[in-house]
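Participant: Numbered per the working numbering, the sequence shown spans residues 6 to 227.
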Amino acid sequence: MLKIRAVVSCALTICLAVVGAQSAVAASQQSAVEQGKKVYQRNCVACHQKDAVGKPGVAPSLINQQFLSTASDQFLVATIAKGRAGTAMTAWGEQLGAKKIKAIITFLSSHTQTPNRSAKVNAEPESMGNAKLGKVWFQSICANCHGIFGQGYAADGSGTAIGGVDFLRLASDGFIRETIKHGRDNTRMRSFSGPAALANLNDSEIDDIISYMRTLRIPEDI
Ligand code: HEC
Ligand code: HEC
6 MLKIRAVVSC
16 ALTICLAVVG
26 AQSAVAASQQ
36 SAVEQGKKVY
46 QRNCVACHQK
56 DAVGKPGVAP
66 SLINQQFLST
76 ASDQFLVATI
86 AKGRAGTAMT
96 AWGEQLGAKK
106 IKAIITFLSS
116 HTQTPNRSAK
126 VNAEPESMGN
136 AKLGKVWFQS
146 ICANCHGIFG
156 QGYAADGSGT
166 AIGGVDFLRL
176 ASDGFIRETI
186 KHGRDNTRMR
196 SFSGPAALAN
206 LNDSEIDDII
216 SYMRTLRIPE
226 DI
């Protein structure tokens, strides 16, 4: 009887230890999110807004599901550390350092409801589209919000600088393709695929646009 009791209490102790360890992990995750939130609030709210929902013409949303599920850690780290030349998004690498940038990303990622699929998205084939055809689509649809050269807010539109060197260097064709197909919830970037879309572009038309985007250069004097 004593023996059984000892076994039971021993099992209980192990059980409690496991639960304890699990809640310790949850607690440390929670504090990492809190820490990241603080760094975010100190440095990024002025443009990206309190809840990181963004503001048209000022800064994009950093918490919509499409963005969070397709952006890789590398995309986020490099964008925050190096910024985007020619836009209000400056380089934060020196000021914040790697740890604080990682903390911000932990905070932003805590808003995800779907698993990150950036590895799969970035492994999608490169676009083999027709840039000449893409130019017609780009200028008739995308330029309204992103500017004729993809210069973004500088053209007084609501869309970001998708013709900018830093964006084009970091964004894979898969990332751009997914963004065009599915849009970004709660922003002005809508889906461009399917009958309910702003324009129902098929896969090859989307690839034509991507191929054209790869030729974009924003003139320095605008
Ligand atoms: C002065 C305003 C401003 C501040 C402050 C600012 N940003 Fe930005 N951010 C922008 C703008 C504008 C863009 C879009 C640039 C473009 O047109 O490509 C941007 C883009 C981004 C993107 C890319 C989003 C996407 O949709 O691809 C990330 C990530 C980002 N910012 C993170 C941050 C973080 C983290 C901070 C704080 C450390 C921060 N930003 C501070 C203005 C700002
Ligand atoms: C009605 C305005 C509008 C139109 C039209 C539009 N976009 Fe956008 N797009 C946006 C906005 C706004 C964002 C950024 C979302 C945000 O503010 O959070 C965006 C984001 C993007 C991004 C992600 C950029 C980044 O910084 O991460 C890509 C790529 C993109 N759009 C491509 C296109 C293409 C290609 C077209 C044409 C087929 C197009 N968009 C048409 C408004 C628009």
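Note that beta-carbon positions come from the ideal geometry of N, C-alpha and C, so glycine has one too.
Given the structure is predicted, the values throughout are model-derived calculations rather than measurements.
Assuming aspartate 213 and glycine 168 make a contact with CB atoms under 8 Å, what is their CB distance in whole Å?
Facilitator: Not quite, the Cβ-Cβ distance comes to about 16 Å (not below 8 Å), so this is no contact.
Participant: Examine ligand 2 and report whether any of its heavy atoms sits within less than 6 Å of the Cβ of glycine 164.
Facilitator: Result yes, Cβ under 6 Å from ligand 2.
Participant: Cysteine 147: buried (16+ other C-beta within 10 angstroms of its C-beta) or exposed?
Facilitator: The residue is buried, with at least 16 neighbouring Cβ atoms inside 10 Å.
Participant: From the DSSP output, in three-state form, read off lysine 60 for me.
Facilitator: In this structure, lysine 60 counts as strand in the three-state DSSP scheme.
Participant: Can you check which of these residues, Pro65, Gln27, Gln71 and Leu173, is closest to serine 196 by C-alpha distance?
Facilitator: Closest option to serine 196, Cα to Cα, is Gln71.
Participant: Between methionine 194 and ligand 2, is there a pair consisting of the residue's CB and a ligand heavy atom that are separated by less than 6 Å?
Facilitator: Within the cutoff, so yes.
Participant: Which residue wins for smallest C-alpha separation from aspartate 178, given the options Ala86, Glu129, Asn135 and Ala83?
Facilitator: Among Ala86, Glu129, Asn135 and Ala83, the Cα nearest to that of aspartate 178 is on Glu129.
Participant: Residues in the same chain with beta-carbon distance under 8 Å from serine 74, minus the five sequence neighbours each way, listed in chain order, please.
Facilitator: Once the five neighbours on either side are set aside, the close Cβ partners of serine 74 are Thr117, Thr119, Pro120, Asn121, Arg122 and Ser123.
Participant: Under the rule that 16 or more other beta-carbon atoms within 10 Å means buried, what is serine 198, buried or exposed?
Facilitator: Answer is buried; the Cβ neighbour count reaches 16.
Participant: Please confirm whether any heavy atom of ligand 1 lies closer than 6 Å to the CB of alanine 51.
Facilitator: It does: the Cβ of alanine 51 is within 6 Å (strictly closer) of some heavy atom of ligand 1.
Participant: Does DSSP classify phenylalanine 180 as helix, strand or coil?
Facilitator: Three-state DSSP puts phenylalanine 180 in a helix.
Participant: May I ask whether a heavy atom of ligand 2 can be found less than 6 Å away from the beta carbon of serine 123?
Facilitator: The answer is no for serine 123.
Participant: Here's the rule I'm using: 16 or more other beta-carbon atoms within 10 Å means buried, otherwise exposed. How should lysine 104 be labelled?
Facilitator: Lysine 104 should be labelled exposed.
Participant: Compute the Euclidean distance between the alpha carbons of valine 30 and threonine 220, then round it to the nearest angstrom.
Facilitator: Rounded to whole angstroms, valine 30 to threonine 220 spans 47 Å at the Cα level.
Participant: Cβ atoms of serine 216 and alanine 136: under 7 Å apart, would you say?
Facilitator: A contact, by the Cβ cut-off of 7 Å.
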